[in-house]
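Student: Sharing a structure with you now.
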Amino acid sequence: MKRLCCLVVFLVFSPWANSQNYPVKPIRLVVPFAPGGSSSIVARAVAAEMEKGLGQPIIVDNKGGGGGNVAMVEVAHADPDGYTLIIGHVGSLAMNPFIYSKLPYDVDKDFAPVSLLAIVPAIFVVHESVPAKDLREFVALAKKDPGKMYYGSAGNGSAGHLAMEYLKQTTGIEIQHVPYKGTGPNIIDLVAGRTQATSAGTPPLMPHVKSGKLRVIAVGTAKRLHTLPDVGTVAEQGYPGFETSQWYGLNAPAKTPEAVIKRLSAEAAKAAHAASVKERFAADDAEAVGSTPAEYAAFIKKEQARWSKVVRAANIKAD
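In our numbering, the protein residues as written are 1001 to 1319.
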């Protein structure tokens, strides 16, 4: 009788038992950045579709601060029951572990990969006054006068900072870094001509490209963008293998039941391929993905290998 009672208690309260009926209540999806950016767009577009298959609301909760670390710590310590998830990002999962000397979480041990959701292309732009029509001309210009040009970024250790350092290491140029507190201030100074170059996603840059204030000299992704068909990739312009982009995935706390991870992964992949999501992503040149947990895990490892080399070579440290 005692054994039977123990078995009943186990079945009622164990994560395994609860996962069989998952989900039975709303799910919280934490976005580790302030509202309005690509991370929020990806989270809200995918969440709206996933709700249809899961039959429960997904509440998107923006929690910025510390380069994404504030939210990462919170979710790392959340109950591993599938009701608290987080948007994984190239910065949080592949850059921060090498930029910060000591993180209060372990990206490999404290989080379970669910699905890669989207890849957002990075582009490289220069101010209209820079006499370079493409990357080859920009490299030649920079090598002619080493250290005379300046590039801005959204901050020390930001994705744009690392993208430009990666470009410097690949091409052998020397240009100076000017860190700002956010993408907005960085672009304001670039448009004003106080800096000469930057790298970021298309949404904040394209209005200034269309106005003629900025010029796109290269695309960081492996393929050209449909909105910029005449702009070559970095790889096409003489640097094979070069690739940089911002990407977003879905992660859960470690030890989340396998059945829950599988359910979430299947719904995330379905959502990523929904017509509404693809249409929304296309406006920002983002590629909808949707992957298995294993594919996402392998992708994260590949990106960690890439960015750890960049961080070490440039000796980038968090402020």
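Note that beta-carbon positions come from the ideal geometry of N, C-alpha and C, so glycine has one too.
Candidates 1103, 1132 and 1125: which alpha carbon is nearest residue 1144's?
Tutor: To locate residue 1144, count along the sequence shown from 1; it is residue 144. If we check each option's Cα against that of residue 1144, 1132 comes out closest.
Student: What are the boundary residues of the alpha helix (DSSP H) that includes residue 1038?
Tutor: The residue given as residue 1038 occupies position 38 in the sequence shown. Its alpha helix (DSSP H) spans residues 1038 to 1054.
Student: Kindly list the residues whose CB is nearer than 7 Å to the CB of residue 1254, restricted to its own chain and excluding five residues on each side of it in sequence; keep chain order.
Tutor: To locate residue 1254, count along the sequence shown from 1; it is residue 254. The answer, listed in chain order, is 1080, 1109, 1110, 1111 and 1112.
Student: Mapping the DSSP letters down to three states, classify residue 1087 as helix, strand or coil.
Tutor: On the sequence shown, residue 1087 is found 87 positions in, with the first residue counted as 1. Assignment of residue 1087 by DSSP, reduced to helix, strand and coil, places it in the strand class.
Student: If we ignore side chains and look at the alpha-carbon of each, how far apart do residue 1312 and residue 1306 end up?
Tutor: As a first step, residue 1312 must be located in the sequence shown, where it is residue number 312. As a first step, residue 1306 must be located in the sequence shown, where it is residue number 306. Residue 1312 and residue 1306: Cα-Cα distance of roughly 11 Å.
Student: If you follow the alpha helix (DSSP H) that residue 1162 is in, where does it begin and where does it stop?
Tutor: Taking the sequence shown and counting its residues from 1, the one referred to as residue 1162 is at position 162. It spans 1159 to 1171 - the alpha helix (DSSP H) in which residue 1162 sits, taken as one unbroken run.
Student: Taking all protein chains shown into account, decide if residue 1240 is buried (16 or more other Cβ within 10 angstroms of its Cβ) or exposed.
Tutor: Locating residue 1240 in the sequence shown gives position 240, where the first residue counts as 1. Exposed.
Student: Mind checking residue 1309: buried by the 16 CB within 10 Å criterion, or exposed?
Tutor: For the purposes of this step, residue 1309 is identified with residue 309 of the sequence shown, where counting begins at 1. Exposed, because fewer than 16 other Cβ atoms sit within 10 Å of the Cβ of residue 1309.
Student: Could you spell out where the alpha helix (DSSP H) holding residue 1069 opens and where it closes?
Tutor: The count along the sequence shown starts at 1 and reaches residue 1069 at position 69. Taken as a continuous stretch (DSSP letters only), the alpha helix (DSSP H) holding residue 1069 covers 1069 to 1076.
Student: Expressed to the nearest angstrom, what Euclidean distance is found between the alpha-carbon atoms of residue 1190 and residue 1072?
Tutor: Residue 1190 sits at position 190 when you count from the first residue of the sequence shown. Residue 1072 sits at position 72 when you count from the first residue of the sequence shown. Cα to Cα, residue 1190 sits roughly 31 Å from residue 1072.
Student: Can you grab the Cα-Cα spacing for the pair residue 1320 / residue 1047, in whole Å?
Tutor: What the structure shows of the chain is the stretch from 1001 to 1319, and residue 1320 is not part of that stretch, so it cannot be assessed.
Student: Does the Cβ-Cβ distance between residue 1050 and residue 1267 come in under 8 Å?
Tutor: If you number the sequence shown from 1, residue 1050 lands on position 50. If you number the sequence shown from 1, residue 1267 lands on position 267. Their beta carbons are under 8 Å apart, which means residue 1050 touches residue 1267 by this criterion.
Student: Which residue wins for smallest C-alpha separation from residue 1119, given the options 1317, 1243 and 1276?
Tutor: Counting from one through the sequence shown, the residue named residue 1119 turns up at place 119. Checked all of 1317, 1243 and 1276; the closest Cα to residue 1119 is 1243.
Student: Residue 1027 lies in the beta strand (DSSP E); which residues open and close that run?
Tutor: If you number the sequence shown from 1, residue 1027 lands on position 27. Run containing residue 1027: 1027 to 1031, per the beta strand (DSSP E) assignment.
Student: What is the DSSP secondary structure of residue 1251, counted as helix, strand or coil?
Tutor: Walking along the sequence shown from the start, residue 1251 turns up at place 251. DSSP places residue 1251 in strand when its eight states are reduced to three.
Student: Mapping the DSSP letters down to three states, classify residue 1061 as helix, strand or coil.
Tutor: If you number the sequence shown from 1, residue 1061 lands on position 61. In this structure, residue 1061 counts as strand in the three-state DSSP scheme.
Student: Is it right to say residue 1104 is buried, meaning 16 or more other beta carbons lie within 10 angstroms of its own, or is it exposed?
Tutor: Within the sequence shown, residue 1104 is the residue found at index 104, counting from 1. Exposed.
Student: Pick from 1178, 1182, 1203 and 1202: whose alpha carbon is nearest that of residue 1193?
Tutor: As a working note, residue 1193 is residue 193 in the sequence shown. Among 1178, 1182, 1203 and 1202, the Cα nearest to that of residue 1193 belongs to 1178.
Student: Output the residue ranges of the alpha helix (DSSP H) runs that lie fully inside the region 1197 to 1262 and measure 4 residues or longer, sorted by chain position.
Tutor: For the region 1197 to 1262, whole alpha helix (DSSP H) runs of length 4 or above, ordered along the chain, are 1202 to 1211.
Student: Alpha carbon to alpha carbon, how far is residue 1139 from residue 1075?
Tutor: As a working mapping, residue 1139 is identified with position 139 in the sequence shown. As a working mapping, residue 1075 is identified with position 75 in the sequence shown. Cα to Cα, the separation comes out at about 42 Å.
Student: Leaving out five residues before and five after residue 1287 in sequence, what residues of the same chain have Cβ atoms less than 6 Å from its Cβ?
Tutor: What you label residue 1287 is simply residue 287 of the sequence shown in a count that begins at 1. Answer for residue 1287: 1119, listed in chain order.
Student: How far does the alpha helix (DSSP H) with residue 1311 in it extend, from its first residue to its last?
Tutor: For this step, residue 1311 is matched to residue 311 along the sequence shown. Taken as a continuous stretch (DSSP letters only), the alpha helix (DSSP H) holding residue 1311 covers 1293 to 1314.
Student: If contact is defined by three or more beta carbon pairs under 8 Å, each pair taking one atom from either stretch, is the region 1167 to 1186 in contact with the region 1195 to 1214?
Tutor: Three or more beta-carbon pairs separated by less than 8 Å link the region 1195 to 1214 to the region 1167 to 1186, which places the two stretches in contact.
Student: From the DSSP output, in three-state form, read off residue 1283 for me.
Tutor: Reading the sequence shown from its first residue, position 283 is the one you call residue 1283. If DSSP states are grouped into helix, strand and coil, residue 1283 belongs with coil.
Student: In the DSSP assignment, find the unbroken alpha helix (DSSP H) run with residue 1141 in it and report its ends.
Tutor: Walking along the sequence shown from the start, residue 1141 turns up at place 141. Here the alpha helix (DSSP H) through residue 1141 covers 1135 to 1144.
Student: Inspect the beta-carbon positions of residue 1044 and residue 1030 and report whether they are closer than 8 Å.
Tutor: The residue given as residue 1044 occupies position 44 in the sequence shown. The residue given as residue 1030 occupies position 30 in the sequence shown. At least 8 Å separates the beta-carbon of residue 1044 from that of residue 1030.
Student: Taking only the alpha-carbon atoms, compute the straight-line gap between residue 1024 and residue 1265 and give it to the nearest angstrom.
Tutor: Working through the sequence shown from its first residue, we reach residue 1024 at position 24. Working through the sequence shown from its first residue, we reach residue 1265 at position 265. Rounded to the nearest angstrom, the two C-alpha atoms are 17 Å apart.
Student: Which of the three DSSP states, helix, strand or coil, is assigned to residue 1175?
Tutor: As a first step, residue 1175 must be located in the sequence shown, where it is residue number 175. Three-state result, residue 1175: coil.
Student: Relative to the C-alpha of residue 1220, which candidate in 1257, 1262, 1260 and 1134 has its C-alpha closest?
Tutor: In the sequence shown, residue 1220 corresponds to position 220, counting from 1. For the residues 1257, 1262, 1260 and 1134, the minimum Cα distance to residue 1220 belongs to 1134.
Student: Just verifying my parser: in three-state terms, what is the DSSP assignment at residue 1185?
Tutor: On the sequence shown, position 185 is the one that residue 1185 refers to. Helix, per DSSP.
Student: Can you tell me which residues form a DSSP beta bridge with residue 1099?
Tutor: In the sequence shown, the residue the question calls residue 1099 occupies position 99. Residue pairing by DSSP places residue 1099 in no beta bridge whatsoever.
Student: Going by other Cβ atoms of all chains shown within 10 Å of its Cβ, with 16 needed for buried, is residue 1285 buried or exposed?
Tutor: To locate residue 1285, count along the sequence shown from 1; it is residue 285. With 16 or more neighbouring CB atoms inside 10 Å of its own CB, residue 1285 falls in the buried class.
Student: At which residues does the beta strand (DSSP E) containing residue 1112 begin and terminate?
Tutor: On the sequence shown, residue 1112 is found 112 positions in, with the first residue counted as 1. For residue 1112, the enclosing beta strand (DSSP E) begins and ends at 1111 to 1127.
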